[in-house]
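So in numbering that gives the first Met the number 0, the last one in the sequence shown is 265, and the numbering has no gaps at all.
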Amino acid sequence: MPTSLIDLAGVGMTYEAASGPVEALAGISLAVGAGEFVSLVGPSGCGKSTLLRIVAGLRPATRGTVTVAGRAVTEPIADVGMVFQAPILLKWRSILDNVLLPAELAGKDRRSHWARAQQLLEMAGLHGFGDKLPRELSGGMQQRASLCRALLLDPPLLLMDEPFGALDAMTRDDMALELLRIWGETDLERSQRKTVLFVTHSIAEAVFLSDRVVVMSPRPGRIAADLRIDLPRPRTVELRASEAFGQLSLEIFRMLTGRPVAGSVS
C-alpha cells in the first residue's frame with residue numbers, strides 16, 4: 000500500500016443539539032495512501048461530510064487523532080483543495096477570477112498564477128469562457144470551474160463532497176471521466192497523482208472512480224467495510240457493463256441496505 004497521506008485513529012464526533020448531545024461519528028480508523036482515490040458511501044446523516052471537514056481541519060474531532068502528511072490536524076490545513084456539491088462561485092466575478100481566488104486568499108501574486116489558471120480552464124474544456132460570469136455557464140461547466148479553482152495551488156489532497164450530486168446523469172458521467180483525466184489516471188504514476196477523498200451517495204459512481212470504497216454505517220457513522228476496487232484503469236463507460244463492476248456494486252448495495260441480492264445464498 001502506498002505511504003499514507005491521511006491517517007485517522009479512533010476518530011469520533013459528538014455535537015450539541017437542542018435536544019442534547021448527538022454522536023455523529025464513532026471509532027473511525029482509516030488510512031488513505033498518497034495518490035489513492037478513496038470514496039465514502041453511506042446512508043444520509045452517517046457523517047460522511049463531517050468526516051471530510053474533520054480531515055480538512057474545518058471541524059475538530061471530539062475523540063481520536065487526525066494526521067495529514069504526518070502532521071496533526073488542529074486547524075484548517077493549507078495544502079488541500081475542496082469541492083462541494085454546489086460550485087459556490089462568486090456570481091459577480093468572472094470564471095477566471097473565481098479560479099484565481101485561492102491565490103488571492105493565500106496572499107500570493109495572482110499574476111504568477113494566471114497562466115496555470117488558463118491551463119486548468121483549457122484542460123477542463125473551458126477555454127474561452129474565462130471572462131464569462133457563472134450565470135452564463137451550465138451547471139456542469141460551473142462545477143468544472145470549481146474543480147479548476149480547487150486545483151489552482153496544486154494541492155496534494157482533494158476533498159470532494161458530492162461534487163456531482165446536483166447534475167443530470169449524462170453530465171455527471173462526463174464529469175466523472177473528466178475528474179479521472181485531471182487526476183492523471185492515464186498519464187501519471189500513482190506517486191504523482193493527487194490523493195482524493197470523495198463523498199458520494201452513488202454506488203456506481205464510487206465503484207467507477209475509486210481504488211477503494213469505504214462503506215459507512217448509519218449514525219453514529221462507523222466503517223462497516225473497506226473494499227478494494229480491482230478494476231482495470233483507465234476506467235471506461237464500457238466497464239460499467241462488466242460482470243465485475245456489477246458484482247462490486249451489488250456487494251456494496253447489500254452492505255448498505257442489508258437486503259439480499261436476488262439469487263444469493265444467505
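Note that beta-carbon positions come from the ideal geometry of N, C-alpha and C, so glycine has one too. Computed from a predicted structure; not experimentally measured.
Using 8 Å as the Cβ pair cut-off and three pairs as the minimum, do the region 112–126 and the region 92–99 touch?
-> yes
Write down the C-beta distance between Ile181 and Phe252 rounded to the nearest angstrom, noting that I regard them as a contact closer than 8 Å.
-> Position 182 of the sequence shown, counted from the first residue, corresponds to residue 181. Position 253 of the sequence shown, counted from the first residue, corresponds to residue 252. The Cβ separation is near 28 Å, so there is no contact.
Taking all protein chains shown into account, decide if Ala292 is buried (16 or more other Cβ within 10 angstroms of its Cβ) or exposed.
-> What the structure shows of the chain is the stretch from 0 to 265, and residue 292 is not part of that stretch, so it cannot be assessed.
Label Asp210 either buried or exposed according to how many other C-beta atoms from any shown protein chain fall within 10 Å of its C-beta, with 16 as the threshold for buried.
-> For the purposes of this step, residue 210 is taken as residue 211 along the sequence shown, with counting starting at 1. Result: buried.
Would you call the CB atoms of Arg218 and Ala23 closer than 9 Å?
-> Here residue 218 refers to the residue found at position 219 of the sequence shown. Here residue 23 refers to the residue found at position 24 of the sequence shown. Yes. Within cutoff.
Taking only runs that begin and end inside the region 1–82, name each unbroken beta strand (DSSP E) of 3 or more residues, in chain order.
-> Listed in chain order, the complete beta strand (DSSP E) runs (minimum 3 residues) inside the region 1–82 are 3–16, 19–32, 36–40, 62–67 and 79–82.
Just tell me which of Pro59, Val82 and Lys90 has its CA closest to the CA of Leu161.
-> Here residue 161 corresponds to residue number 162 of the sequence shown, with the count starting at 1. First, the amino acid is wrong: residue 161 is Glu here, not Leu. Closest by alpha carbon: Val82.
Ala33 and Gly11 closer than 9 Å at C-beta = Residue numbering aside, residue 33 sits at position 34 when the sequence shown is read from its first letter. Residue numbering aside, residue 11 sits at position 12 when the sequence shown is read from its first letter. Their beta carbons are not under 9 Å apart, which means Ala33 does not touch Gly11 by this criterion.
Please work out which residues of its chain come closer than 7 Å, Cβ to Cβ, to Gln141, disregarding the five sequence neighbours upstream and downstream, and give them in chain order.
-> For the purposes of this step, residue 141 is identified with residue 142 of the sequence shown, where counting begins at 1. If we look at Gln141 and ignore the five residues flanking it on each side, its Cβ neighbours are Pro86, Leu88 and Pro133.
CB Gly220 to CB Gly9, shorter than 9 Å?
-> On the sequence shown, position 221 is the one that residue 220 refers to. On the sequence shown, position 10 is the one that residue 9 refers to. Taking 9 Å as the Cβ cut-off, Gly220 and Gly9 do not qualify as a contacting pair.
In the DSSP assignment, find the unbroken alpha helix (DSSP H) run with Arg148 in it and report its ends.
-> In the sequence shown, the residue the question calls residue 148 occupies position 149. Unbroken alpha helix (DSSP H) run through Arg148: Gly138 to Leu150.
Which residues mark the beginning and the end of the beta strand (DSSP E) in which Asp270 is found?
-> Residue coverage of the chain in this structure runs from 0 to 265, which leaves residue 270 outside it and unanswerable.
Decide if the region 43–58 is in contact with the region 154–173; the criterion is three or more beta carbon pairs, one per stretch, under 8 Å apart.
-> yes
Can you tell me which of the three DSSP states Val264 falls into?
-> Counted from its first residue, the sequence shown places residue 264 at position 265. Its pLDDT being 44, under 50, Val264 is placed unreliably by the model, and the measurement read from it follows with that caveat. Three-state DSSP puts Val264 in coil, outside helix and strand.
Which residue comes first and which comes last in the alpha helix (DSSP H) that contains Leu178?
-> The count along the sequence shown starts at 1 and reaches residue 178 at position 179. Its alpha helix (DSSP H) spans residues Ala168 to Trp182.
Ile202: beta carbon under 8 Å from a heavy atom of the ligand HEM?
-> The ligand HEM is absent from the structure shown, which contains no ligand whatsoever.
Can you name, in chain order, every residue of its own chain whose Cβ lies under 7 Å from the Cβ of Val264, other than the five neighbours on each side?
-> Stepping through the sequence shown from its first residue, residue 264 is reached at position 265. Per-residue confidence for Val264 stands at a pLDDT of 44, beneath the threshold of 50, marking its modelled position as unreliable; no derived number is given.
Give a yes or no on contact between the region 136–156 and the region 106–121, applying the rule of three or more CB pairs nearer than 8 Å.
-> yes
Run the CB neighbour count on Ala175, radius 10 Å, all protein chains shown included, and call it buried at 16 or more, exposed below.
-> Counting from one through the sequence shown, the residue named residue 175 turns up at place 176. Burial call: buried.
Residues of its chain near Glu184, where Cβ-Cβ distance is below 6 Å and the 5 sequence neighbours each way are ignored | By 1-based counting over the sequence shown, the position of residue 184 is 185. Closer than 6 Å at Cβ, skipping near neighbours: Arg232 and Pro233.
Which of the three DSSP states, helix, strand or coil, is assigned to Lys99?
-> By 1-based counting over the sequence shown, the position of residue 99 is 100. Looking at the sequence itself, residue 99 is Leu, so the reference to Lys does not match. In the structure shown, Leu99 sits in coil (DSSP, three-state: anything other than H, G, I, E or B).
Shortest alpha-carbon distance to Leu152 belongs to which of Leu104, Glu121, Gln84 and Leu136?
-> In the sequence shown, residue 152 corresponds to position 153, counting from 1. Measuring from the Cα of Leu152, the nearest candidate turns out to be Leu104.
Could you tell me which of Ser28, Thr235, Ser93 and Val214 sits nearest to Leu249, measuring between CA atoms?
-> By one-based count along the sequence shown, residue 249 stands at place 250. Answer by Cα proximity: Val214.
What's the gap between the Cα of Met0 and the Cα of Asp167?
-> In the sequence shown, counting from the first residue as 1, residue 0 sits at position 1. In the sequence shown, counting from the first residue as 1, residue 167 sits at position 168. Interpretation of Met0 is limited by its pLDDT of 49, a score under 50 that renders its predicted location unreliable; the figure taken from the coordinates is listed afterwards. In a straight line, the C-alpha of Met0 is about 35 Å away from that of Asp167.
Can you grab the Cα-Cα spacing for the pair Asp173 / Leu39, in whole Å?
-> By one-based count along the sequence shown, residue 173 stands at place 174. By one-based count along the sequence shown, residue 39 stands at place 40. Those two C-alpha atoms are separated by around 20 Å.
In the DSSP assignment, find the unbroken beta strand (DSSP E) run with Thr194 in it and report its ends.
-> Position 195 of the sequence shown, counted from the start, is the residue given in the question as residue 194. It spans Thr194 to Val198 - the beta strand (DSSP E) in which Thr194 sits, taken as one unbroken run.
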